[in-house]
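Working notes for the structure below.
Numbering (the working numbering), first residue to last: 890 to 981.
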């Protein structure tokens with residue numbers, strides 16, 4: 890397990906080592922969770938997505954969203970006044 894010592898700066902910021910940023914894919918603006926432990930403080934990357942909405946942010950779902958947006962942009966969509974009109978069009 891890798892370790893690092895960092896200095897608390899004048900404005901109470903700390904700078905994370907590059908190896909840690911790379912290993913945990915931390916980006917500027919990301920949030921981290923700090924947890925008090927019996928040995929000190931544990932820092933973890935934080936996921937701020939509501940668990941019930943996590944599916945929406947999956948790679949697969951986002952690919953489908955991009956495909957749907959492209960279909961709308963290219964006019965590959967239709968509108969219907971009723972379900973009956975939709976069903977008639979589907980059966981053509």
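Positions of the beta carbon are idealized from the N, C-alpha and C atoms, including for glycine.
Item, Value
"To the nearest whole angstrom, what separates the beta carbons of residue 913 and residue 940, a pair I think is in contact under 8 Å?", "Contact flag wrong, Cβ pair sits at about 20 Å."
"Just the Cα atoms here: how many angstroms apart are residue 905 and residue 923?", "14 Å"
"Check whether the Cβ atoms of residue 960 and residue 966 sit closer than 7 Å, and answer yes or no.", "yes"
"Taking residue 922 as part of the alpha helix (DSSP H), name the residues at either end of that continuous run.", "Segment 921-926 is the beta strand (DSSP E) holding residue 922; no alpha helix (DSSP H) there."
"Roughly how many angstroms lie between the CA atoms of residue 976 and residue 969, to the nearest whole one?", "10 Å"
"Just the Cα atoms here: how many angstroms apart are residue 981 and residue 972?", "15 Å"
"On the DSSP bridge assignment, give the partners of residue 934 in chain order.", "921"
"Can you tell me which of the three DSSP states residue 953 falls into?", "helix"
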